[in-house]
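Numbering (our numbering), first residue to last: 348 to 505. Think of the CB as a built atom: it goes at the ideal place given N, C-alpha and C, for glycine as much as any other residue.
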(Lines of atoms letter the chains of each structure in order from A and count residues from 1; the text may use other names and numbers.)
(Lines give C-alpha, C1' and ligand atoms only; values in the text may rest on other atoms or scores of the structure.)
Protein backbone atom coordinates (compact mmCIF):
# COMPACT_ATOMS: atom_id res chain seq x y z
CA UNK A 1 0.00 0.00 0.00
CA UNK A 2 1.15 3.52 -0.69
CA UNK A 3 1.66 4.92 2.78
CA UNK A 4 4.87 6.37 4.18
CA UNK A 5 6.09 8.80 6.81
CA UNK A 6 7.67 12.14 5.93
CA UNK A 7 8.71 14.51 8.70
CA UNK A 8 5.73 14.61 11.10
CA UNK A 9 3.18 13.34 8.56
CA UNK A 10 1.96 10.00 7.32
CA UNK A 11 1.23 10.28 3.61
CA UNK A 12 -1.47 8.02 2.11
CA UNK A 13 -2.89 7.53 -1.35
CA UNK A 14 -6.51 6.49 -0.78
CA UNK A 15 -9.25 5.46 -3.18
CA UNK A 16 -12.84 5.77 -1.97
CA UNK A 17 -16.29 4.69 -3.13
CA UNK A 18 -19.32 6.95 -3.33
CA UNK A 19 -22.15 4.38 -3.36
CA UNK A 20 -25.69 5.68 -3.66
CA UNK A 21 -29.13 4.11 -3.45
CA UNK A 22 -31.62 6.82 -4.34
CA UNK A 23 -31.27 9.54 -1.70
CA UNK A 24 -29.00 7.42 0.53
CA UNK A 25 -25.24 6.95 0.66
CA UNK A 26 -23.34 3.96 2.07
CA UNK A 27 -20.96 4.82 4.91
CA UNK A 28 -18.87 2.75 7.25
CA UNK A 29 -17.33 3.08 10.69
CA UNK A 30 -14.27 1.26 12.00
CA UNK A 31 -14.48 -0.37 15.41
CA UNK A 32 -13.28 2.11 18.02
CA UNK A 33 -13.97 5.22 15.91
CA UNK A 34 -16.83 7.62 16.58
CA UNK A 35 -17.08 8.98 13.04
CA UNK A 36 -18.33 7.62 9.70
CA UNK A 37 -16.61 7.73 6.31
CA UNK A 38 -17.06 6.40 2.80
CA UNK A 39 -15.64 2.94 2.10
CA UNK A 40 -12.25 2.63 0.50
CA UNK A 41 -8.63 2.00 1.27
CA UNK A 42 -5.03 2.65 0.44
CA UNK A 43 -3.87 2.05 -3.10
CA UNK A 44 -1.23 -0.65 -3.58
CA UNK A 45 1.88 0.21 -5.61
CA UNK A 46 1.19 -0.49 -9.29
CA UNK A 47 -2.58 -0.70 -8.70
CA UNK A 48 -5.13 1.52 -10.41
CA UNK A 49 -7.17 3.51 -7.90
CA UNK A 50 -10.48 2.22 -9.31
CA UNK A 51 -9.19 -1.33 -8.86
CA UNK A 52 -8.44 -0.48 -5.22
CA UNK A 53 -12.11 0.41 -4.69
CA UNK A 54 -13.22 -2.90 -6.25
CA UNK A 55 -10.69 -4.86 -4.17
CA UNK A 56 -11.58 -3.13 -0.89
CA UNK A 57 -15.31 -3.73 -1.30
CA UNK A 58 -14.63 -7.39 -2.07
CA UNK A 59 -12.30 -7.77 0.93
CA UNK A 60 -14.47 -5.89 3.41
CA UNK A 61 -18.01 -6.95 2.40
CA UNK A 62 -17.67 -9.63 -0.32
CA UNK A 63 -19.43 -7.20 -2.67
CA UNK A 64 -18.85 -6.81 -6.39
CA UNK A 65 -18.80 -3.17 -7.47
CA UNK A 66 -18.00 -1.17 -10.57
CA UNK A 67 -16.49 2.30 -10.66
CA UNK A 68 -18.26 4.63 -13.06
CA UNK A 69 -16.10 7.76 -12.91
CA UNK A 70 -13.77 9.81 -10.77
CA UNK A 71 -15.75 12.48 -8.93
CA UNK A 72 -13.28 14.23 -6.68
CA UNK A 73 -9.64 14.53 -5.81
CA UNK A 74 -9.08 15.54 -2.20
CA UNK A 75 -6.00 16.83 -0.49
CA UNK A 76 -6.92 15.97 3.07
CA UNK A 77 -4.95 17.05 6.14
CA UNK A 78 -6.03 15.54 9.46
CA UNK A 79 -4.92 13.87 12.67
CA UNK A 80 -5.92 10.28 13.38
CA UNK A 81 -5.00 8.33 16.50
CA UNK A 82 -2.27 10.83 17.36
CA UNK A 83 -0.66 10.83 13.90
CA UNK A 84 -0.83 13.78 11.49
CA UNK A 85 -1.85 12.71 7.97
CA UNK A 86 -1.52 14.18 4.52
CA UNK A 87 -3.78 12.12 2.29
CA UNK A 88 -4.48 12.31 -1.41
CA UNK A 89 -7.94 10.83 -1.92
CA UNK A 90 -9.52 9.75 -5.20
CA UNK A 91 -13.31 9.45 -4.83
CA UNK A 92 -15.18 7.37 -7.42
CA UNK A 93 -18.88 7.13 -8.17
CA UNK A 94 -19.33 3.40 -7.57
CA UNK A 95 -22.20 0.99 -8.14
CA UNK A 96 -23.21 -2.21 -6.38
CA UNK A 97 -24.50 -5.07 -8.51
CA UNK A 98 -28.31 -4.92 -8.85
CA UNK A 99 -28.72 -8.15 -6.86
CA UNK A 100 -26.52 -6.96 -3.97
CA UNK A 101 -27.91 -7.82 -0.51
CA UNK A 102 -27.00 -4.26 0.51
CA UNK A 103 -29.71 -3.00 -1.84
CA UNK A 104 -32.27 -5.59 -0.82
CA UNK A 105 -31.88 -6.17 2.93
CA UNK A 106 -31.87 -3.74 5.87
CA UNK A 107 -28.54 -2.93 7.48
CA UNK A 108 -26.34 -2.57 9.28
CA UNK A 109 -23.88 -4.81 7.45
CA UNK A 110 -20.71 -6.06 9.10
CA UNK A 111 -17.29 -6.41 7.57
CA UNK A 112 -13.69 -6.78 8.72
CA UNK A 113 -10.50 -4.83 8.18
CA UNK A 114 -7.25 -5.95 9.76
CA UNK A 115 -9.02 -7.67 12.65
CA UNK A 116 -11.29 -4.69 13.35
CA UNK A 117 -15.03 -4.83 12.75
CA UNK A 118 -16.49 -2.51 10.13
CA UNK A 119 -20.11 -1.43 10.32
CA UNK A 120 -21.73 -0.30 7.07
CA UNK A 121 -25.03 1.59 6.98
CA UNK A 122 -27.13 3.67 4.60
CA UNK A 123 -27.68 7.33 5.50
CA UNK A 124 -29.96 9.86 3.84
CA UNK A 125 -27.76 12.45 2.19
CA UNK A 126 -29.84 15.29 3.64
CA UNK A 127 -29.09 14.01 7.17
CA UNK A 128 -25.30 14.03 6.80
CA UNK A 129 -25.01 17.56 8.22
CA UNK A 130 -26.05 16.08 11.59
CA UNK A 131 -23.58 13.17 11.40
CA UNK A 132 -19.92 13.01 12.39
CA UNK A 133 -18.55 12.19 8.94
CA UNK A 134 -14.89 12.46 7.88
CA UNK A 135 -13.65 14.22 5.99
CA UNK A 136 -16.36 16.66 7.02
CA UNK A 137 -16.63 18.28 3.57
CA UNK A 138 -18.49 15.11 2.52
CA UNK A 139 -21.66 16.27 4.29
CA UNK A 140 -21.80 19.18 1.83
CA UNK A 141 -20.37 17.42 -1.21
CA UNK A 142 -22.72 14.42 -0.98
CA UNK A 143 -25.76 16.67 -0.72
CA UNK A 144 -25.09 18.06 -4.22
CA UNK A 145 -27.15 16.03 -6.69
CA UNK A 146 -24.98 16.96 -9.69
CA UNK A 147 -21.68 15.51 -8.45
CA UNK A 148 -19.50 17.73 -10.57
CA UNK A 149 -15.84 16.81 -10.81
CA UNK A 150 -14.06 18.82 -8.14
CA UNK A 151 -10.68 19.22 -6.46
CA UNK A 152 -11.05 19.75 -2.71
CA UNK A 153 -8.42 20.88 -0.23
CA UNK A 154 -9.61 19.99 3.24
CA UNK A 155 -8.13 20.65 6.69
CA UNK A 156 -9.98 18.72 9.41
CA UNK A 157 -10.16 20.54 12.73
CA UNK A 158 -9.78 18.26 15.73
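Note to self: By DSSP's criteria, residue 495 is part of a beta bridge. Which residues make up the other side?
What the structure shows: Locating residue 495 in the chain shown gives position 148, where the first residue counts as 1. In DSSP, residue 495 forms no bridge with anything.
Check: Which of the three DSSP states, helix, strand or coil, is assigned to residue 405?
Finding: Translated into the one-based positions of the chain shown, residue 405 becomes position 58. Three-state result, residue 405: helix.
Next item on the list: State the Cα-Cα distance for the pair residue 428 and residue 496, rounded to the nearest angstrom.
Entry: Locating residue 428 in the chain shown gives position 81, where the first residue counts as 1. Locating residue 496 in the chain shown gives position 149, where the first residue counts as 1. Rounded to the nearest angstrom, the two C-alpha atoms are 31 Å apart.
Checklist line | Collapsed DSSP secondary structure at residue 481 in the structure displayed | finding: Locating residue 481 in the chain shown gives position 134, where the first residue counts as 1. DSSP places residue 481 in coil when its eight states are reduced to three.
Notebook entry, point to check: Can you tell me whether DSSP reads residue 397 as helix, strand or coil?
Noted result: Taking the chain shown and counting its residues from 1, the one referred to as residue 397 is at position 50. Residue 397: helix per DSSP, three-state reduction.
Notebook entry, point to check: Helix, strand or coil: which one does DSSP assign to residue 389?
Noted result: As a position in the chain shown, residue 389 is number 42, starting the count at 1. If DSSP states are grouped into helix, strand and coil, residue 389 belongs with the strands.
Next item on the list: Give a yes or no on contact between the segment 399 to 406 and the segment 474 to 481, applying the rule of three or more CB pairs nearer than 8 Å.
Entry: no
Notebook entry, point to check: When we look at the beta-carbon of residue 498 and count the other beta-carbons within 10 Å, is it buried (16 or more) or exposed?
Noted result: Reading the chain shown from its first residue, position 151 is the one you call residue 498. Exposed, by the Cβ-count rule.
Notebook entry, point to check: Taking the alpha-carbon positions, what's the residue 361 to residue 374 distance?
Noted result: Stepping through the chain shown from its first residue, residue 361 is reached at position 14. Stepping through the chain shown from its first residue, residue 374 is reached at position 27. Going from the Cα of residue 361 to the Cα of residue 374 covers about 16 Å.
Checklist line | Best match in 389, 444, 357 and 394 for proximity to residue 368 [C-alpha to C-alpha] | finding: Here residue 368 is taken as the residue at index 21 of the chain shown, counted from 1. Ranking the options by Cα distance to residue 368, first place goes to 444.
Checklist line | Rounded C-alpha distance that separates residue 491 from residue 389 | finding: One-based indexing of the chain shown puts residue 491 at position 144. One-based indexing of the chain shown puts residue 389 at position 42. Computed Cα separation, rounded: 26 Å.
Margin query: If we require 4 or more residues per run, which alpha helix (DSSP H) segments fall completely within the segment 424 to 484?
Written below: 448 to 451
Notebook entry, point to check: Shorter than 8 Å from the beta carbon of residue 459 to some beta carbon of chain D?
Noted result: This model lacks chain D altogether; it includes just one protein chain.
Checklist line | For residue 494, the nearest candidate out of 416, 466 and 501 (CA to CA) | finding: For the purposes of this step, residue 494 is identified with residue 147 of the chain shown, where counting begins at 1. For the residues 416, 466 and 501, the minimum Cα distance to residue 494 belongs to 416.
Notebook entry, point to check: What number of angstroms, rounded off, separates the C-alpha of residue 433 from the C-alpha of residue 487?
Noted result: Numbered from its first residue, the chain shown carries residue 433 at position 86. Numbered from its first residue, the chain shown carries residue 487 at position 140. When rounded, the distance between both Cα atoms is 21 Å.
Check: Which residue from 348, 356 and 372 puts its Cα closest to that of residue 426?
Finding: Position 79 of the chain shown holds residue 426. Of the listed residues, the one whose Cα sits closest to residue 426 is 356.
Next item on the list: Answer yes or no: do residue 363 and residue 393 have a C-beta to C-beta separation smaller than 8 Å?
Entry: Counted from its first residue, the chain shown places residue 363 at position 16. Counted from its first residue, the chain shown places residue 393 at position 46. No, they are not a contact pair.
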